[in-house]
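Notes for the one structure printed next.
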Amino acid sequence: MPIVPVFGHEELRRRLAVARARGALPASMLFHGPRGVGKQRLALWITQLQLCASPGDEPCGACQHCRFVQELRHPDLAWYFPRPRLKDSDPDLAEVRDDYAGAIAERVAEGGLYSPPSGSEGIFIATVRALVQQAAMSPALGKRKVFVVGDAERMVPQEGSEQAANAFLKLLEEPPEDTTVILTSSEPGALLPTIRSRVTSFRVAPVAPVAMRSFLEHPAVTKRLKGERVPVSQAERLAFAAGAPGRLLWGAEWSMAMDTAERMLASVGAQGSSKRYDEAWQQASSRARGSFADTLDALSAALHARARDAASRGSERQALGASKAMEAIELAKERITTNVNPQLITVNLLREIEDLLA
Ligand SMILES: [Zn+2]
C-alpha cells in the first residue's frame, strides 16, 4: 500500500523540481517549519522525484522506483528519525537496521502516518554510525541514494563518539556525488551550528485550508482517526492544526492543550497573580517545548471563540480585547523559537492577556 501523498507545498515543490531539473538541487538540505507540517513527507517526495525513472515536475508515480519509494521499501532510500534508545548500550549496525525496519513497517501499515516522537526518543550515535556507513556504499537499485533524517535536532551527541559525529559532518559537507542528505527540523535553532552551516535551508510553510481538508478526507487518515477515543470536532481540529496536516491526527494532544488553555484563561482576572504563577510553574516543570507550542495554539483558538462570541453579542470592546490577546500570543510563539524559557513567556503573556481582557 502506498503512503499518503503530499498535501500542499505546491510552490516549494515547484522550486525544488526546477532545481532538480537543472541539476542544481543542493546535496545537503534542511527542511524547517512547524511541527506536523509535512517536512518529512516532502523529503520523501523529493526523494521519489530524484529516484524516479522519468521525472517531470512531479515523480511519474508508476515506475518501479516510484512504487518502491511510495511503499517505503526502496533500497536507496534511508529514512531515520527519533527512536527509543535500544536496550543494548552499544548496539551494532544490524540491531539499528532491524529497529528501523520494524519502525518503518509500522509506518507503512498506517499509510505513512505517525505520531510525533516522545521526549525520550532520539537519534542516537549508533544510528549516525549506521547512516555514515550506508552513505559510503553505492546505490543498490538506481543511480542515487537519499538519506532523510527527521527531527534532526534530536541527534544526541555522546561522549567518545566524536568520530561518528565528525564523519556525519563530513558527509553533510561533501556528500558522495550520488548522495543526497535531507534533514528536517521544527526547531532549527536547536541544531548544532556546525550542522546548520553545512546545509541549504528551505522553509516549509503551513498548508492552505483546502489541502488540509483533502488530507482529512484521505482514507488512511479517516481510518486512523476512527480509532481515536477523544471526540474532537473537525473545526476544532483544523483550528489546532494551523496548517500542519500531521497535527490533524493529534486529537489527544489537542484536548490536553485545550484543557491547559482553558485553565489559564480561567486563572486570568479571577484569582489574581498567585494562581497565574502556579500555572506558569506547572507549564515549565512538566512540559516539553512541543506541547507548550500546542498550548499557545489552543489559547489562540479559545480566544478566537471568545472574540466571535463577543462580536455576535455586539460587544466590540471585548472582541477587540480578545483579538489583541491573540496577537500577543503570536508574539509569544515567535519567542519560543528562541531560547527564552516557557515559564517566563507564560507569566508575561497571561499578564498581558489579563490587561487586554479587563
Ligand atoms: Zn517514477
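Take the sequence shown: its letters are residues 210 to 567, numbered as in the working numbering. Built from N, CA and C at the ideal position, the CB exists for glycine as well.
* Are the CB atoms of alanine 534 and leucine 505 nearer to each other than 8 Å? -> Here residue 534 corresponds to residue number 325 of the sequence shown, with the count starting at 1. Here residue 505 corresponds to residue number 296 of the sequence shown, with the count starting at 1. The answer is no: Cβ separation not under 8 Å.
* Asked: Buried or exposed: proline 293, going by 16 or more other Cβ atoms within 10 Å of its Cβ?
  -> Here residue 293 refers to the residue found at position 84 of the sequence shown. By the neighbour-count criterion, in which 16 or more other beta carbons inside 10 Å mark a residue as buried, proline 293 falls on the exposed side.
* Can glycine 351 be considered in contact with ligand 1, in the sense that its beta carbon sits closer than 7 Å to one or more heavy atoms? -> Within the sequence shown, numbered from 1, the residue matching residue 351 stands at position 142. Answer for glycine 351: no, Cβ out of range of ligand 1.
* Is DSSP giving histidine 427 helix, strand or coil here? -> Sequence index remark: in the sequence shown, residue 427 carries index 218 (1-based). Coil, per DSSP.
* To do: Run the proximity test for alanine 262: is its beta-carbon closer than 7 Å to any non-hydrogen atom belonging to ligand 1?
  => Indexing the sequence shown from 1 puts residue 262 at position 53. At least one heavy atom of ligand 1 is nearer than 7 Å to the Cβ of alanine 262, so yes.
* Could you tell me the boundaries of the beta strand (DSSP E) in which phenylalanine 290 lies? => Working through the sequence shown from its first residue, we reach residue 290 at position 81. From DSSP, phenylalanine 290 is part of no beta strand (DSSP E); its letter is neither H nor E.
* Would you check whether ligand 1 has a heavy atom nearer than 7 Å to the C-beta of alanine 270? => Translated into positions along the sequence shown, residue 270 becomes position 61. Here residue 270 turns out to be glycine, not alanine, going by the sequence shown. Under cutoff, so the answer is yes.
* Check: histidine 274 C-beta below 7 Å from any heavy atom of ligand 1 -> The count along the sequence shown starts at 1 and reaches residue 274 at position 65. Yes, the Cβ of histidine 274 comes within 7 Å of a heavy atom of ligand 1.
* To do: Between the Cα of arginine 515 and those of Val355, Arg544 and Ala475, spot the shortest distance and give me the residue it belongs to.
  => Locating residue 515 in the sequence shown gives position 306, counting from the first residue. Nearest option by C-alpha distance: Ala475.
* Asked: Considering only C-alpha positions, which residue in the set Phe290, Arg229 and Thr256 is nearest to proline 284?
  -> As a working mapping, residue 284 is identified with position 75 in the sequence shown. Answer by Cα proximity: Thr256.
* To do: Would you mind giving the Cβ-Cβ distance between leucine 380 and alanine 344, rounded to the nearest angstrom? I have them listed as a contact below 8 Å.
  => As a first step, residue 380 must be located in the sequence shown, where it is residue number 171. As a first step, residue 344 must be located in the sequence shown, where it is residue number 135. That belief holds up - the Cβ atoms of leucine 380 and alanine 344 are roughly 5 Å apart, short of 8 Å.
* Rounded straight-line distance, which links the Cα of alanine 444 to that of alanine 335 -> The count along the sequence shown starts at 1 and reaches residue 335 at position 126. The count along the sequence shown starts at 1 and reaches residue 444 at position 235. Distance between the alpha carbons of alanine 335 and alanine 444 is about 43 Å.
* Quick one: using the 10 Å Cβ neighbour count with 16 as the cut-off for buried, is serine 394 buried or exposed? => Position 185 of the sequence shown holds residue 394. With 16 or more Cβ atoms within 10 Å of its Cβ, serine 394 is classed as buried.
* To do: Classify serine 509 as helix, strand or coil using the three-state DSSP reduction.
  => Within the sequence shown, numbered from 1, the residue matching residue 509 stands at position 300. Serine 509: helix per DSSP, three-state reduction.
* Asked: To the nearest angstrom, how far is it from the Cα of leucine 239 to the Cα of serine 521?
  -> Counting from one through the sequence shown, the residue named residue 239 turns up at place 30. Counting from one through the sequence shown, the residue named residue 521 turns up at place 312. Straight-line Cα distance between these residues: approximately 45 Å.
* Asked: What is the DSSP secondary structure of methionine 210, reduced to helix, strand or coil?
  -> Here residue 210 is taken as the residue at index 1 of the sequence shown, counted from 1. Methionine 210: coil per DSSP, three-state reduction.
* Asked: Hey, out of Lys354, Glu371 and Ala373, whose CA is closest to proline 385's CA?
  -> Taking the first residue of the sequence shown as position 1, residue 385 is located at position 176. When only C-alpha atoms are compared, the closest one is Lys354.
* May I ask you to report which of helix, strand or coil DSSP gives glycine 331? => In the sequence shown, counting from the first residue as 1, residue 331 sits at position 122. Strand.
* To do: Scan the stretch 516–566 and note each continuous alpha helix (DSSP H) run of 4 residues or more that stays entirely inside, going in chain order.
  => 525–546 and 551–566
* Residues in its own chain within less than 8 Å of leucine 258 by CB, not counting five upstream and five downstream? -> Residue mapping note: residue 258 aligns to position 49 of the sequence shown, counting from 1. Leu225, Ala226, Arg229, Pro264, Glu267 and Pro268, listed in sequence order.
* To do: Measure the CB-CB distance between alanine 373 and leucine 400 and report whether it falls below 8 Å.
  => Counted from its first residue, the sequence shown places residue 373 at position 164. Counted from its first residue, the sequence shown places residue 400 at position 191. Going by C-beta atoms, alanine 373 is not nearer than 8 Å to leucine 400.
* **Beta bridge counterpart(s) of methionine 364 as assigned by DSSP** => Residue 364 sits at position 155 when you count from the first residue of the sequence shown. Answer by DSSP bridge pairing, in chain order: Ile332.
* Member of Asn550, Pro211, Ser524 and Ala453 whose CA lies at the smallest distance from the CA of glutamate 319 -> As a working mapping, residue 319 is identified with position 110 in the sequence shown. Cα-wise, what sits closest to glutamate 319 is Pro211.
* Coarse secondary structure for histidine 241, derived from DSSP in three states -> The count along the sequence shown starts at 1 and reaches residue 241 at position 32. If DSSP states are grouped into helix, strand and coil, histidine 241 belongs with the strands.
* Asked: What did DSSP end up calling phenylalanine 277 once you bin it into helix, strand or coil?
  -> Here residue 277 refers to the residue found at position 68 when the sequence shown is read from its first residue. DSSP places phenylalanine 277 in helix when its eight states are reduced to three.
* **Residue nearest to phenylalanine 333 in terms of C-alpha spacing, selected from Glu371, Ala510, Ala511 and Gly351** => Counted from its first residue, the sequence shown places residue 333 at position 124. Selected option, being the one with the closest Cα: Glu371.
* Does the beta-carbon of alanine 461 have 16 or more other beta-carbons within 10 angstroms, so that it is buried, or is it exposed? -> Working through the sequence shown from its first residue, we reach residue 461 at position 252. Exposed, since its Cβ has fewer than 16 Cβ neighbours within 10 Å.
* Asked: Apart from the five residues on each side of it in sequence, which residues of its chain come closer than 6 Å, Cβ to Cβ, to serine 524?
  -> Taking the sequence shown and counting its residues from 1, the one referred to as residue 524 is at position 315. Taken in chain order, the list of residues that qualify is empty.
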